[in-house]
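Residues in the sequence shown are numbered consecutively from 47, following the numbering used here.
Think of the CB as a built atom: it goes at the ideal place given N, C-alpha and C, for glycine as much as any other residue.
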Amino acid sequence: MAERTRGVFAISVAAEMVAMQIQNLRVYERRGLVDPDRTAGGTRLYSPADIERLHRIRELLAEGLNLAGIAQVLRLEDRVRRLEGEVDRLRGRRTP
Numbered sequence: 047m048a049e050r051t052r053g054v055f056a057i058s059v060a061a062e063m064v065a066m067q068i069q070n071l072r073v074y075e076r077r078g079l080v081d082p083d084r085t086a087g088g089t090r091l092y093s094p095a096d097i098e099r100l101h102r103i104r105e106l107l108a109e110g111l112n113l114a115g116i117a118q119v120l121r122l123e124d125r126v127r128r129l130e131g132e133v134d135r136l137r138g139r140r141t142p
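Listed below in structure tokens is the structure:
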């Protein structure tokens, strides 16, 4: 899991990977939609998980959502993932 969340891609590479403008990635960060790592010098580094999230943002934009709607959808999707993990964890504790 750590490899998936470790920032490795510079903003120019991330933008190319998701076919977006660099300026858009900066806007998404300011809006809290994505949170790339930063080097000591302040360079943004995007992780594979960040790239997946940017792809999801692009999908939601294509569906006609605005950035506020996308933020809400991403929050809810994150919550569902956390809750599903908790359910799986609790089920693993049970003995049949």
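Residue i burial status per 10 Å Cβ neighbour count (16 or more: buried)
| i | result |
| --- | --- |
| L129 | exposed |
| V80 | buried |
| G87 | exposed |
| V126 | exposed |
| R52 | exposed |
| L100 | buried |
When the options are compared against residue i, the one with the closest alpha-carbon
| i | options | result |
| --- | --- | --- |
| T89 | R50, I116, F55 | F55 |
| L106 | E123, I57, R137, Y92 | E123 |
For residue j and residue i, believed in contact at Cβ under 8 Å, the rounded distance
| i | j | result |
| --- | --- | --- |
| A60 | I97 | 6 Å |
| V64 | R104 | 6 Å |
Residues of its chain near residue i, where Cβ-Cβ distance is below 7 Å and the 5 sequence neighbours each way are ignored
| i | result |
| --- | --- |
| E49 | none |
Contact set for residue i: own chain, Cβ-Cβ below 8 Å, skip 5 residues either direction
| i | result |
| --- | --- |
| I68 | I57, S58, A61 |
Inside the segment 71 to 117 only - beta strand (DSSP E) runs reaching at least 3 residues:
90 to 92
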